[in-house]
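A.B. asks:
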Amino acid sequence: MSLGQTKVFMALSKRLSWDVKNMEVASDNLSRADLSGAKQKRLKPFTFQKALNTELARTNPQHLGPQHGGVTEMLSTKDKKQDVTITGNNISAHHEMMEFNNSNTKVYETTSLQKKFVQMYRNWMTLTK
132 MSLGQTKVFM ALSKRLSWDV KNMEVASDNL SRADLSGAKQ KRLKPFTFQK
182 ALNTELARTN PQHLGPQHGG VTEMLSTKDK KQDVTITGNN ISAHHEMMEF
232 NNSNTKVYET TSLQKKFVQM YRNWMTLTK
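Residue numbers (the working numbering): 132 to 260.
(1) Less than 9 Å between the beta carbons of PHE179 and ALA224, yes or no?
(2) In whole angstroms, give me the CA-to-CA distance for MET228 and GLU240.
(3) Applying the 10 Å Cβ sphere with the 16-neighbour rule, what's the burial state of GLY200?
(4) Can you give me the Cβ contacts of ASN254 inside the same chain, cut-off strictly under 6 Å, excluding the 5 residues immediately before and after it?
(5) Might you give, ordered along the chain, the residues of its own chain that have their beta carbon closer than 6 Å to the beta carbon of ALA164, omitting 5 neighbours on each side?
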């Protein structure tokens, strides 16, 4: 079994792509914070439980595949907790900066976990030879 086929590594990769996408959404929200009528975008929360329930691989490209679109389907509606400002938007620059920073921290944590997992996998491979 290769490293990329392990469920833990795949889940960490999905988490990493979710965090990067969340940083993109937060920066997009931040860039539109001063526009009138701008609506806040959010990603649906990431869960490792859902990420570990992976689909079976297709052996033939003509077989039916999954109907979902990956990270792009994670977009959800606006955050209804935010108040609408005088300009008519509900985007808080402070909140978006915190969201961006939180995602940046999660990217660092996830890459650290991936590095540790790769080290453990290499050790396991050398012991089993």
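Every residue gets a Cβ at the ideal spot worked out from N, C-alpha and C, and that includes glycine.
C.D. replies: In brief:
(1) The Cβ atoms of PHE179 and ALA224 lie no closer than 9 Å to each other.
(2) C-alpha separation (whole angstroms): 18 Å.
(3) Residue placement at GLY200 is poorly supported in this model, since its pLDDT is 48, which falls under 50; the coordinates are not used for a value here.
(4) Counting only Cβ-Cβ distances below 6 Å, and skipping sequence neighbours, we find nothing.
(5) Cβ neighbours of ALA164 beyond the five flanking positions: ILE222, ALA224.
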